[in-house]
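Count along the sequence shown from 1, add 116, and you get the number used in our numbering. So the structure is just underneath, and the comments pick up after that.
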Amino acid sequence: MSKDFSAGSKGLYLSSEGDAMDSIANSGGAILYAPADYDHQLLDLSNRRLGAILQKFVNYSTRVAFVLPPDLAVSQSCQDLIREHQSHPFIRFMASQADALSWLQTKQ
């Protein structure tokens, strides 16, 4: 049986640093955020919330995969951030839940 990485199945929603700490405490070291499991305003980098949240996951060595909504329009700076994290050891932004699960499972 494979491990359940889903934030939604754990009742977790990501919108703040406090939410990140709850996720870290309840994730077992890795978590997957489907599009319904996080505030898409986090991807508006002008509010600076995402950087602080991502730093929490890195500081606590928690692997996190975000599944991006297919119709999401983001700024160039957010596109750059997503691209920069393509090989990050703890943080990934994925186009599909299957890709996110595959990455999380291979890094156990």
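Even glycine gets a Cβ: it sits at the ideal position worked out from N, Cα and C.
Would you call residue 226 buried or exposed, if buried means 16 or more other Cβ atoms sit within 10 Å of its Cβ?
A query on residue 226 cannot be resolved here, the shown segment of the chain reaching from 117 to 224 and no further.
What are the start and end residues of each continuous beta strand (DSSP E) run of 3 or more residues lying completely inside the region 130-193, in chain order?
Whole beta strand (DSSP E) segments, 3+ residues: 146-149, 179-183.
Straight-line gap, residue 129 to residue 184 (C-alpha atoms, nearest Å):
Their backbone Cα atoms lie some 15 Å apart in a straight line.
According to DSSP, residues forming a beta bridge with residue 207:
180, per the DSSP bridge assignment.
Extent of the continuous alpha helix (DSSP H) run through residue 214
From DSSP, the alpha helix (DSSP H) with residue 214 extends over 213-222.
Going straight from the alpha carbon of residue 191 to that of residue 203, what length do you get?
Going from the Cα of residue 191 to the Cα of residue 203 covers about 20 Å.
For residue 169 and residue 122, what's the separation of their Cα atoms in angstroms?
Straight-line spacing of the CA atoms in residue 169 and residue 122 works out to 18 Å.
Kindly list the residues whose CB is nearer than 7 Å to the CB of residue 193, restricted to its own chain and excluding five residues on each side of it in sequence; keep chain order.
Result list for residue 193: 161, in chain order.
Quick one: Cα of residue 189 to Cα of residue 141, how far?
Straight-line Cα distance between these residues: approximately 31 Å.
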